[in-house]
Structure formats: C-alpha cells, structure tokens
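First comes the structure, then the notes that go with it.
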C-alpha cells in the first residue's frame with residue numbers, strides 16, 4: 105500500500121480502456137475518485153458497478169465510458185439516471201454497450217472473481233428475458249451431483265476496483281463499516297485496489313469480524329475527507345438525499361448537466377473545493 | 112356520499128400494509144413498497160422483519176429511506192450482511208416469506224417489467240433494470256405487488272419480462288420449478304387483484320369505497336376479469352392515517368435536512 109494524493113493515485117493506476125469498478129452500495133460511493141477520473145479525462149473505460157448511481161451518470165455523461173456492466177441503473181427513490189438513459193437511448197455523448205445482470209448474479213460474479221473461479225453458479229428456474237439479451241453471457245449447465253439446472257455467471261475481475269472507506273491505520277490497513285455491498289468481493293477480484301478514506305488513525309478501533317482490507321491487498325490509498333459525498337460515510341456524514349433529489353433536474357438536460365460538471369468538477373481543484381463550493385463544508 | 116378524509120395514495124398504502132402478517136420476514140423492494148412495509152411495522156405488525164437488498168436485516172427505520180441503503184436502515188438493523196450473502200444465504204436459501212415489489216409494467220399473470228419500454232437493443236425508455244427483483248420474485252414464498260393502475264402500466268403484453276409472476280398461467284410457474292409461490296395480490300389505486308384459481312390470471316377481487324369495477328376495467332390494458340362479488344375494502348382507520356402521515360412528515364423533514372461535512 106502506498107499513501108499518495110488522489111490525483112497521483114488516479115494518474116498511476118487508472119488508464120484509458122481499463123475495466124474499472126467503483127463500488128459501494130448506496131453507501132461509501134467513491135465520488136471524489138470518480139471526479140478525479142473525469143478531471144484527468146479518461147476515455148473508453150469499461151465501468152462495472154451494481155448500481156451505477158449518480159457517480160456513473162456523471163462519468164457516462166462526461167464521455168469517460170464506452171461499456172457498462174451493471175444490475176440496477178436508477179437514481180434510488182427518485183427515478184431515472186438521465187445521462188445513462190441518454191447514452192443508451194440516443195448514443196450521447198457516445199454509445200454505451202451494456203452487460204446487464206441481476207444483483208444476485210453480479211454479486212456472484214464478483215465473488216467468483218475474488219475466488220479465482222471462472223464462473224459462479226446459482227440455481228436456474230423460470231427464464232426471464234434478461235437471459236436472452238445480447239451482452240449477457242449466462243450459460244445453463246447441469247449440476248454434476250443432482251442433474252438440476254444451474255445458471256453459470258462468468259467471473260468479473262476488474263482491472264481496478266476503487267472504494268471509499270472510513271479509516272486507514274498507520275500500517276495501511278483499511279476499515280469499512282456499515283452497508284458494505286459487494287465492496288470486499290469487488291476489491292479482492294481486482295488487479296489493483298485504490299481506496300480513498302475519511303481519515304488516518306494510528307490504530308483501527310474495530311470488532312474482530314470487522315471488514316478490514318489488509319494493507320498488502322491495497323495498491324494505493326488517499327486521504328479524502330467527504331470523499332463519498334453526496335453518498336455517505338457511516339459515522340461521518342449522512343447521505344445528502346436533497347442532492348439526489350436535485351440531481352434529477354440537473355441531469356435531465358444535456359446543457360444543464362454539462363454546465364454543472366464544468367463548474368463543480370472540471371472547474372475545481374479537488375474534492376474539498378467542490379464541497380466548499382456546494383456549501384457542504386465550511 | 113361524503114368526501115373521504117383520505118387520498119387514493121393513502122388507502123393504497125394502508126391496504127398494502129394490511130396484507131403483511133406480524134412476524135413475517137419481508138424483502139422490501141424500492142419505492143412504494145417501503146412505505147407500506149414500514150406502516151405495517153408501525154401499526155399491526157410490530158414483529159415484521161424487514162430486509163432491504165442493501166443487506167440490512169430486521170431494520171426499523173424511523174423515517175422512510177430515499178434509497179434502499181440509507182444510513183437510517185443500517186443504524187436500526189439487527190445485522191448488516193454483504194450483498195452476496197443477502198441474496199444467497201437469505202433469499203436463495205428460502206428464508207424470505209414475502210417479497211414486496213413495484214414495477215413499470217405488469218401483465219395479467221403478474222409478470223413484471225422494470226427493464227425497457229420498446230426493444231431491448233433500441234429502447235424508447237431505458238428503465239433501471241432488475242436489481243434484486245428477479246430473485247425476490249423467484250424465491251419469496253409469496254409476492255405482493257404495489258402499482259398504480261393505468262392502461263400504460265397494466266398491459267396485455269410486456270415489452271420485457273424482468274421478474275416472473277405466473278408466466279403463462281395454469282401452472283406454468285410451478286412447471287418451471289420456481290421455488291416461491293408467486294404473486295398473492297396486486298394492490299393498486301383502485302383495489303386489489305388476485306390470481307384466479309387454476310388459470311392464475313389476475314382478477315379484480317376488491318375495490319376501495321366509491322370505486323367501481325368499470326373504472327378499474329378502464330384503467331387496465333387487457334379485459335380485466337372481475338370477481339362475482341368484489342369485496343369493498345375498509346377505509347383507513349384514524350390510527351393508520353395518523354401513523355402514515357406522521358411517517359411521511361418525518362421523512363420529508365429528514366430528506367431536506369442540509370448535510371454538513373467537517374474537512
């Protein structure tokens with residue numbers, strides 16, 4: 105694990121054309137890292153994420169991605185991700201090829217990837233149309249013991265997984281607390297792991313079974329307070345539901361979206377400047 | 112007739128809440144179901160175990176979450192489990208009694224579409240997608256569906272089957288080996304639809320006070336079957352309305368509270 109400024113971590117580890125999973129299920133979404141990817145103008149990324157959320161709406165709308173693997177692409181409790189829809193429906197700002205799974209399938213695909221398996225298995229029941237769509241690579245196989253039909257889901261092994269977490273200790277071990285989604289599986293499936301954290305502490309105060317990524321599985325870490333905003337970091341700040349509601353209007357229109365991103369992401373030096381500009385941090 | 116002292120949205124949520132039995136284990140879908148599930152827990156079903164797909168098990172939120180993963184759900188949960196576990200160890204293993212879902216479209220056999228309007232490759236409207244719904248619909252012992260009834264959402268043929276109901280009916284679901292029992296009721300803003308015996312086709316079985324079967328038929332995109340004697344559902348009680356309105360007021364206040372971060 106190497107502790108470095110976020111700008112250097114993204115420059116060193118995220119390249120054009122890579123498959124990149126910025127994980128965090130509603131909680132601990134690495135917005136600051138995504139914004140740095142946008143500032144550095146990465147292109148042709150294959151984005152992977154269970155719930156694309158606002159973070160991928162922004163990356164897609166800013167032209168960073170050419171492919172998306174996902175399992176639920178909405179603004180939770182609000183409605184559509186307008187930039188994701190515009191890319192899929194109208195090819196703006198560029199076409200986006202989709203690989204679409206259910207949550208259970210994509211979680212299984214990360215688990216398989218983290219286990220060194222070529223695929224994960226789940227029982228197969230009534231077929232839905234999701235099994236038929238192009239880009240979906242599910243296969244039906246037979247259980248060697250019971251002959252029951254099983255669905256095989258190919259492993260997902262991102263080139264880079266990016267997470268946000270609460271704490272890093274002086275040795276570089278990283279603690280995640282609260283809703284953890286498939287963060288651990290996505291990290292252990294990846295070729296490299298980048299982490300942003302709320303703070304550095306001498307020693308992690310965690311229960312024995314806490315979710316800790318040991319320093320030696322983490323490639324690079326950056327200290328970015330507020331790095332999950334407008335998502336949240338349990339114990340530090342809550343989800344800004346008002347922002348998620350407001351995003352619906354901002355992202356609905358191409359020009360309004362572009363102007364917002366130019367002002368708040370491209371036009372600021374770093375995440376702290378964005379938080380100050382939004383009036384979230386003093 | 113006097114004007115009722117509740118809205119159509121309110122009687123829909125209250126009727127949905129009444130479908131849930133105390134101590135049932137319920138997997139809560141995003142959107143309208145969340146209000147109904149928490150209203151049930153705050154009224155007649157205090158022992159209802161609510162699971163959200165974020166891995167929050169036995170959660171008791173004081174305000175409704177906007178997302179399925181708000182901090183409120185984590186803070187008030189019995190335990191938090193990772194995503195692969197909530198789907199494999201709880202849902203797929205058969206530990207969920209009731210799945211509570213919404214969708215963009217439904218057909219007469221209770222199959223659901225939340226993926227696309229139009230063709231998948233060139234959709235007129237790209238919807239969010241399946242998320243947890245396909246497996247909830249497959250594995251929950253029974254499924255409750257909460258949707259507003261219009262000819263655009265209650266359609267003769269789905270553009271895309273995201274989550275299975277009774278497939279083509281008449282035992283097709285069971286023949287496919289689906290472990291869960293499928294839809295038990297569809298609660299709408301007109302009343303309640305239930306699968307008919309044998310055919311498994313949804314039939315209008317109950318209506319809200321003052322709503323006619325003809326009005327419900329006109330809001331359905333297929334020739335809706337109506338039970339011989341549709342039941343008239345009871346109006347919300349004073350206690351149910353008070354609890355729901357207070358919950359919604361607390362929720363509005365919480366969602367507009369400014370966030371402050373110390374750098």
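Residue numbers (this note's numbering), protein chains in the order written: chain A, 105 to 386; chain B, 112 to 374.
Beta carbons are placed, not taken as given, at the ideal position from N, Cα and C, and that holds for glycine.
{"Check": "Should residue 245(A) go down as buried or exposed, given a rule of 16 or more other Cβ atoms within 10 Å for buried?", "Outcome": "exposed"}
{"Check": "Examine chain B for any beta-carbon lying closer than 8 Å to the beta-carbon of residue 354(A), and answer yes or no.", "Outcome": "no"}
{"Check": "What in chain A is Cβ-close to residue 177(B), meaning under 9 Å?", "Outcome": "180, 181, 182, 343, 345, 348, 349"}
{"Check": "Let me know the alpha helix (DSSP H) ranges lying completely inside the stretch 165-235 of chain A, each 4 residues or longer, listed in chain order.", "Outcome": "186-194, 207-218"}
{"Check": "List the residues of chain B whose Cβ lies closer than 8 Å to the Cβ of residue 219(A), in chain order.", "Outcome": "What residue 219(A) touches in chain B: nothing, since even the nearest Cβ is about 11 Å away."}
{"Check": "May I have the straight-line CA-CA distance separating residue 171(B) from residue 142(B), to the nearest angstrom?", "Outcome": "17 Å"}
{"Check": "With DSSP run on the structure shown, which of helix, strand or coil describes residue 272(A)?", "Outcome": "strand"}
{"Check": "What's the gap between the Cα of residue 108(A) and the Cα of residue 276(A)?", "Outcome": "11 Å"}
{"Check": "Taking DSSP as the reference, what is the three-state secondary structure of residue 349(A)?", "Outcome": "helix"}
{"Check": "Can you give me the C-alpha to C-alpha distance between residue 168(A) and residue 352(A), rounded to a whole angstrom?", "Outcome": "20 Å"}
{"Check": "Looking only at its own chain, which residues have a Cβ that is under 8 Å from the Cβ of residue 192(A), when we skip the five neighbours before and after it?", "Outcome": "200, 202"}
{"Check": "I need the DSSP call for residue 226(B), collapsed to helix, strand or coil.", "Outcome": "coil"}
{"Check": "In this structure, how does DSSP classify residue 364(B) when only helix, strand and coil are distinguished?", "Outcome": "helix"}
{"Check": "Quick check on residue 309(B) - is its C-beta less than 8 Å from some C-beta in chain A?", "Outcome": "no"}
{"Check": "So which residues of chain B does residue 338(A) contact, with C-beta pairs closer than 9 Å?", "Outcome": "182, 185, 186"}
{"Check": "With residue 223(B) and residue 248(B) assumed to form a contact (beta carbons below 8 Å), what rounded beta-carbon distance in angstroms separates them?", "Outcome": "7 Å"}
{"Check": "Here's a check: name, in chain order, each residue in its chain whose Cβ is nearer than 7 Å to the Cβ of residue 112(B), leaving out the five neighbours to either side.", "Outcome": "Any reading at residue 112(B) needs caution, since the residue's pLDDT is 48, under 50, leaving its predicted position unreliable; the model's value is listed next. 321."}
{"Check": "What alpha helix (DSSP H) runs, 4 residues minimum, are completely inside the stretch 294-331 of chain B?", "Outcome": "324-329"}
{"Check": "What's the gap between the Cα of residue 324(A) and the Cα of residue 105(A)?", "Outcome": "5 Å"}
{"Check": "Along the alpha helix (DSSP H) that carries residue 125(B), what are the first and last residues, could you check?", "Outcome": "119-129"}
{"Check": "Determine the DSSP secondary structure at residue 338(A), reduced to helix, strand or coil.", "Outcome": "coil"}
{"Check": "Is there a C-beta anywhere in chain B that falls below 8 Å from the one on residue 204(A)?", "Outcome": "yes"}
{"Check": "Since residue 150(A) sits in a beta bridge, which residues does DSSP pair it with?", "Outcome": "123(A), 171(A)"}
{"Check": "Can you grab the Cα-Cα spacing for the pair residue 155(A) / residue 245(B), in whole Å?", "Outcome": "15 Å"}
{"Check": "Residues in its own chain within less than 8 Å of residue 256(A) by CB, not counting five upstream and five downstream?", "Outcome": "223, 224, 225, 242, 243, 244, 245"}
{"Check": "Could you tell me whether the Cβ of residue 138(A) comes closer than 8 Å to any Cβ of chain B?", "Outcome": "no"}
{"Check": "Quick one: which chain B residues come within Cβ less than 9 Å of residue 212(A)?", "Outcome": "195, 198, 199"}
{"Check": "Starting from residue 182(B), trace the alpha helix (DSSP H) in both directions and tell me its first and last residue.", "Outcome": "182-186"}
{"Check": "Is the beta carbon of residue 327(B) less than 8 Å from the beta carbon of residue 257(B)?", "Outcome": "no"}
{"Check": "Considering only their Cβ atoms, is the gap separating residue 173(A) from residue 260(A) smaller than 8 Å?", "Outcome": "yes"}
{"Check": "What's the gap between the Cα of residue 249(A) and the Cα of residue 228(A)?", "Outcome": "15 Å"}
{"Check": "With a Cβ-Cβ cutoff of 8 Å, do residue 114(A) and residue 144(A) count as a contact?", "Outcome": "yes"}
{"Check": "If you draw a straight line from the C-alpha of residue 208(A) to the C-alpha of residue 116(B), how long is it?", "Outcome": "42 Å"}
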